[in-house]
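Under this note's numbering, the letters of the sequence shown match residues 19 to 406, in that order.
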Amino acid sequence: MKGVTQEDKKAMKLFSLPGKKIASIVSVLCLSALMVACGSANGGSTTTINGNNGVGCKKIGVLLPETATSARWDGQDRPYLQRDIPATLSGATVDYTNAGGDADVQQTQADAALTKGDCILVVAAQDSVKAARIVADAKADHIPVIAYDRLIQSNDLAYYVSFDNVQVGKLQGQYIADHYKDFVKSGVGKTVMIDGSKTDNNAILFAQGAHSVLDPLFTSGVLKNVYEQYTPNWDNPTAQTEMEAALTANANTIQIAYVANDGMAQTVIAALKQVRLNGKVLVTGQDATVAGLQNILLGNQSMTVFKDISLEAQATANIVAAISNGSSTANLTNGATTATTGGAKIPSVLETPQSIDKTNVMTVITAGGATLSDVCQGLPSGTGGICP
Ligand code: BGC
């Protein structure tokens, strides 16, 4: 909006709230050490937030994208971040919101977080491009944003904490390269690729990593890519519809299903069950969810990728604490950066993913990614050689 100052925007944000709420928010903000101006000479109520680039900040906004497409967000990311941030930065509180799969809701939640006085934002973007506005709004208030798990395409991002996501896709692709012969008995191995959401930068990286391994096999004619779709919002039921369409179009002659995560693998397996092909098709996944590990032990899913969320959450807490304490993050990022499409190099912490199949499910359990009792719940005794 031309001619509208940051103060005007802040005032507009406040005045769109009911009177009582405005009064309480203004008084809370005016008490904050991070405020530089409250009220104005002519009696008008203008409010300027100076987040001081997060230095001294103890109110941390954590914004997660949704809960439906992977058990990780509510089952691991939320509790670990809520535990690790206050444990690492004494006196810190976490202001948590979840966008429920809607990028516009996430924008509103980010605006509300700034208005409430959150002064460092940790954002797992619902939409990696749209969330650039969250970063811009925060920057106007001198508030740093850490992109959590999913890169935000903004050159103003302060940090990025995630896994090596191209490597995630490579592990999935490599598993197919190493094991397709167990599923392709003769002829060309017909391969379906169910990718994640195109608005999530990670989904693009996973597909890129997988293609880097699979494309040479497609080119040489060992495998054939008969169907590939990005799945809007990583929607699990949509993945089932995609798999059903691929099966129908190929008269059920599919031997490989590259599936980007365990949530979608679950519904892809449901599609395979309908035509009695579960266990006969190589299915990949990611996240080492309890359901994914059970599918592996039951022989319906071949592999998953374990990303130890506790490492990701702790790395985020370490960055938050360093920003707040005004200390160096050099020993946390070790010089690593990630390029945005706009050409910026964002200081990054990227943890290492691990490939999991029926031979090493215990790796996830030993690392605390799942408990043996959850994984073995409802499975016959002796399943996978690990269930009591
Ligand atoms: C995460 C995955 C998750 C997917 C769907 C991605 O950004 O990295 O772990 O399965 O989103 O929620």
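Where is the CB? At the ideal position from N, CA and C, for every residue including glycine.
Within this structure, are the beta carbons of residue i and residue j separated by less than 8 Å?
i	j	result
Val80	Val140	yes
Ala13	Lys76	A query on residue 13 cannot be resolved here, the shown segment of the chain reaching from 19 to 406 and no further.
Pro371	Gln226	no
Ala264	Val244	yes
Leu311	Val382	yes
Asn10	Asn220	Within the shown structure, residues of the chain are numbered from 19 to 406, placing residue 10 beyond reach of any answer.
Val112	Ser342	no
Val206	Lys242	yes
Met321	Tyr193	yes
Val202	Gln319	no
Val338	Ile138	yes
Leu223	Gly191	no
Leu350	Ala340	yes
Thr249	Met282	yes
Val286	Ala275	yes
Gly135	Pro83	no
Starting from the Cα of residue i, find the closest Cα among the options and give me that residue.
i	options	result
Lys188	Thr249, Asp92, Ser373 and Asp392	Ser373
Pro255	Asp159, Gln284 and Gly386	Gln284
Asn71	Tyr98, Pro162 and Gln127	Pro162
Ser88	Asp305, Gly135 and Ala331	Asp305
Asp326	Ala288, Gln319, Thr307 and Arg168	Thr307
Thr358	Ile337, Gly119, Ser172 and Gly191	Ser172
Gln100	Cys137, Lys203, Asn68 and Gln332	Gln332
Gly303	Ala156, Val323, Gly297 and Asn296	Val323
Ala142	Gly396, Leu295, Ala267 and Asp218	Asp218
Asn422	Asn279, Met261 and Pro398	The chain is shown only over 19 to 406; residue 422 falls outside these bounds and no answer can be derived.
Leu316	Arg90, Lys376 and Gly119	Lys376
Ala117	Ala131, Asp155 and Glu246	Ala131
Ala195	Ser230, Arg168 and Ile212	Ser230
Beta carbon of residue i: closer than 7 Å to some heavy atom of the ligand BGC?
i	result
Asp305	yes
Lys208	no
Asp218	yes
Asp167	yes
Gly214	yes
Asn254	no
Arg96	no
Thr356	no
Thr87	yes
Asn116	no
Asn243	no
Lys325	yes
Asn313	no
Arg151	no
Arg90	yes
Asn279	yes
Can you find the residues in the same chain that come closer than 8 Å, C-beta to C-beta, to residue i, ignoring five residues on each side of it along the sequence?
i	result
Ala354	Pro365, Ser366, Val367 and Leu368
Ala267	Val244 and Tyr245
What does a CB cutoff of less than 6 Å around residue i pick up in its chain, not counting 5 residues either side in sequence?
i	result
Asn378	none
Ala362	Asn173
Cys394	Cys405
Give me, in chain order, the residues of the same chain whose beta-carbon lies closer than 7 Å to that of residue i; leave out the 5 immediate sequence neighbours on both sides.
i	result
Ala388	Ala306, Val308, Leu311 and Val382
Asn60	Model confidence at Asn60 stands at a pLDDT of 35, short of 50, so the residue's coordinates are unreliable and nothing is read from them.
Gln94	Ile327
Lys199	none
His197	Leu300 and Ser320
Ser215	Ala221, Tyr248, Thr249, Pro250, Asn251 and Trp252
Below 8 Å on the Cβ atoms is my contact criterion, and I expect residue i with residue j to pass it. Report the Cβ-Cβ distance as a whole number of Å.
i	j	result
Ala335	Thr106	4 Å
Ala150	Ile164	Not confirmed; about 14 Å, so no contact.
Gln144	Ala158	21 Å between Cβ atoms; not a contact.
Asp129	Asp102	In fact, because the Cβ distance is near 26 Å, the residues do not count as touching under 8 Å.
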